[in-house]
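Encoded as structure tokens, the structure appears first; notes follow it.
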Amino acid sequence: MKHEDFDGFGIFMSMLQETFSPDKPISKERTKVYFEILSDIPIENIELSVKEIMKKRQYPTFPLPKDIREAAGFDFDDQIELKALGA
29 MKHEDFDGFG
39 IFMSMLQETF
49 SPDKPISKER
59 TKVYFEILSD
69 IPIENIELSV
79 KEIMKKRQYP
89 TFPLPKDIRE
99 AAGFDFDDQI
109 ELKALGA
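Each residue of the sequence shown is one higher than the one before, starting from 29 at the first, in our numbering.
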């Protein structure tokens, strides 16, 4: 994501908040941290992952960055394995 994607990302975070923790507002700090952690993923993938999580998530808890990353197809563990294999 790029810096100019922050507002759109904030909308996706609000969608997750309304779905998984409607009684707990999401803080700007949390949104900034998630944005930083997920900044290597294109905003289009973030949008798809948020929609996927909203459709399929079984637990009523707010998704962790790892959950969003996995739904976007950017699993950090896979990247570590590829680096270890020399890819």
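The beta carbon of each residue, even a glycine, is placed where N, CA and C say it ideally should be.
Taking 8 Å as the CB-CB cut-off, is G38 touching chain B?
Structure shown: chain B not included; a single protein chain is present.
Buried or exposed: which applies to I39, given that a residue is buried once 16 or more other Cβ atoms fall within 10 Å of its Cβ?
Residue numbering aside, residue 39 sits at position 11 when the sequence shown is read from its first letter. Looking at its Cβ environment, which holds fewer than 16 other Cβ atoms inside 10 Å, I39 is exposed.
Using only the alpha-carbon positions, how far apart do F63 and I69 sit?
For the purposes of this step, residue 63 is taken as residue 35 along the sequence shown, with counting starting at 1. For the purposes of this step, residue 69 is taken as residue 41 along the sequence shown, with counting starting at 1. Each residue's alpha carbon lies about 10 Å from the other.
Kindly give me the distance between the Cβ atoms of R37 and I71, rounded to whole angstroms, as I take these residues to be in contact under 8 Å.
The residue given as residue 37 occupies position 9 in the sequence shown. The residue given as residue 71 occupies position 43 in the sequence shown. It should be pointed out that residue 37 corresponds to Phe in this sequence rather than to Arg. F37 to I71, Cβ: 7 Å. Contact.
I'd like the ranges of any alpha helix (DSSP H) spanning at least 4 consecutive residues and lying wholly in the region 49 to 91.
Counting only runs of 4 or more, we get 56 to 65 and 71 to 84.
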